[in-house]
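The block underneath contains the structure these notes are about, expressed in structure tokens.
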Amino acid sequence: MYDDLLSGYTVDTNALLNGALFEVEYDEMVVVKDIDFYSLCEHHLLPFYGKVHVGYLPDQKIVGLSKIPRLVEMFARRLQVQERMTQQIATVMDELIEPIGVGIVVEAQHLCAAMRGVKKPNTVMTTSAVRGLFKRNSTTRDEFMGHVRHS
0 MYDDLLSGYT
10 VDTNALLNGA
20 LFEVEYDEMV
30 VVKDIDFYSL
40 CEHHLLPFYG
50 KVHVGYLPDQ
60 KIVGLSKIPR
70 LVEMFARRLQ
80 VQERMTQQIA
90 TVMDELIEPI
100 GVGIVVEAQH
110 LCAAMRGVKK
120 PNTVMTTSAV
130 RGLFKRNSTT
140 RDEFMGHVRH
150 S
């Protein structure tokens, strides 16, 4: 069971993309949202789960659609904290695809907060990471957040 839950440690990001970068003249935002994930909190070994929303502005390259959920899965299948997972997804998207900008939003419920400590089920934690134009330009960031809000 743990081999599957922690399988993200054995995935190579270059092999994951497997040549699925395509030269395309497309310069508008690409958004893949509502990517379900499950992960394990590294502090309590309890699950946290939710949805990841990914947006990027291509710079002559797009990535195959299935590769974005696979990238999310790679980082989710590790002992994690949500904040780091959000940053890791953004960093790899930025480094491998080399877009003009990238934005990541992760919304998750943590069983460590529901079952122990504060015991508050249904509490949702939201984290975000932005790179490039998403960080420098509030209009671009707002466009991405508008797509995410309409989930």
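The sequence shown stops at residue 150 when you use numbering that gives the first Met the number 0, and every number in between is there.
We put the beta carbon where it would ideally sit given N, CA and C, even for glycine.
Please say whether Val31 and Ile67 have beta carbons closer to each other than 7 Å?
The answer is yes: Cβ separation under 7 Å.
Which of helix, strand or coil DSSP assigns to Ile61:
Strand at Ile61.
Consult DSSP for Tyr48 and reduce its assignment to one of helix, strand or coil.
strand
Could you tell me the alpha carbon to alpha carbon distance between Asn121 and Ala112, rounded to whole angstroms?
9 Å
Do the CB positions of Val105 and Thr126 come within less than 7 Å of each other?
Using a Cβ distance threshold of 7 Å, Val105 and Thr126 count as a contacting pair.
Whole angstroms is fine: what's the gap from Arg83's alpha carbon to Glu22's?
Rounded to the nearest angstrom, the two C-alpha atoms are 30 Å apart.
With DSSP as the reference, identify every bridge partner of Val10, one or two as the case may be.
Bridge partners of Val10: none, in fact.
Straight-line Cα distance separating Gly63 from Gly18
9 Å
Just the C-alpha distance for Gln81 and Gln59, rounded to the nearest angstrom, thanks.
31 Å
Quick one: what does DSSP say Asp26 is sitting in, helix, strand or coil?
DSSP places Asp26 in coil when its eight states are reduced to three.
Opening and closing residue of the alpha helix (DSSP H) in which Met124 lies:
Met124 -> not in any alpha helix (DSSP H); beta strand (DSSP E) instead, spanning Val123 to Gly131.
Do you know offhand how far Glu24's Cα is from Ile103's?
23 Å
Do Tyr37 and Tyr55 have their C-beta atoms within less than 7 Å of each other?
no
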